[in-house]
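Residue numbers (my numbering): -3 to 164.
Below you'll find the structure, written out as structure tokens, and then a few comments.
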């Protein structure tokens, strides 16, 4: 910490770092990396940052696996994001790849297709007929984080279902 923190012993520096971390975690869950960056940005010494992270993990306030599961669920259900966008965002938040893969694998792959088709049907009640609208529909899905191939399949299924609702 800048200024008077230089006169504090190691335990006091950790206590200060923990106070900062608790305030930061008060609003929402954070990843370990986000807490590290925040504390470092506030001037906490590296040793105090690591000791604080250790304490927060032991207390259950920091859990990247839980964060990845909850983030993935929320973004799928409420924001209609696809796997690609969820994964890239979790990487930016500092979550390890193995934890991301575990969180994303909790849902069957067919569900991703169903969510993409549902989003298309909501945003485009009538399937796009011209090239411009088709590209716009594909763009919606890709920006939401759906794989381009899956987006094409969902767009084709949307058109098939509009012609014959009994066919999938």
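Virtual Cβ for every residue (Gly too), placed ideally from N, Cα, C.
For clarity, every value in this text was computed on a predicted model and none was experimentally measured.
Next on the checklist: Measuring only the C-alpha atoms, how far is residue 37 from residue 86?
Outcome noted: 20 Å
Checklist entry - Where does residue 15 fall in DSSP's three states? => result helix
Next on the checklist: Quick check on DSSP: helix, strand or coil for residue 63?
Outcome noted: helix
Next on the checklist: Check whether the region 105 to 124 and the region 134 to 143 touch, using three or more Cβ-Cβ pairs below 8 Å as the test.
Outcome noted: yes
Next on the checklist: Rounding to the nearest angstrom, what Cα-Cα distance links residue 154 and residue 126 in this structure?
Outcome noted: 14 Å
Checklist entry - So residue 143 and residue 78 are in contact, right, with Cβ under 8 Å, and what is the actual spacing, rounded? => result 7 Å
Next on the checklist: Out of 117, 8, 49, 72, which one is the CA nearest neighbour of residue 21?
Outcome noted: 49
Next on the checklist: Can you tell me where the alpha helix (DSSP H) holding residue 35 begins and where it ends?
Outcome noted: 28 to 37
Checklist entry - Between residue 97 and the rest of its own chain, which residues show a CB-CB distance below 7 Å, the 5 nearest in sequence each way excluded? => result none
Checklist entry - What is the rounded straight-line gap between the Cα of residue 32 and the Cα of residue 4? => result 20 Å
Item to check | Under the three-state DSSP convention, the category residue 92 falls into | outcome: coil
Checklist entry - What distance in whole Å lies between the Cβ atoms of residue 10 and residue 47, which are believed to be in contact at a cut-off of 8 Å? => result 5 Å
Next on the checklist: Tell me the residue span of the alpha helix (DSSP H) that contains residue 110.
Outcome noted: 105 to 119
Item to check | Helix, strand or coil at residue 7 [DSSP, three-state] | outcome: helix
Next on the checklist: Could you check whether residue 121 and residue 130 sit closer than 8 Å to each other, using their CB atoms as the reference points?
Outcome noted: no
Item to check | CA-to-CA distance, residue 94 to residue 146, given in whole angstroms | outcome: 23 Å
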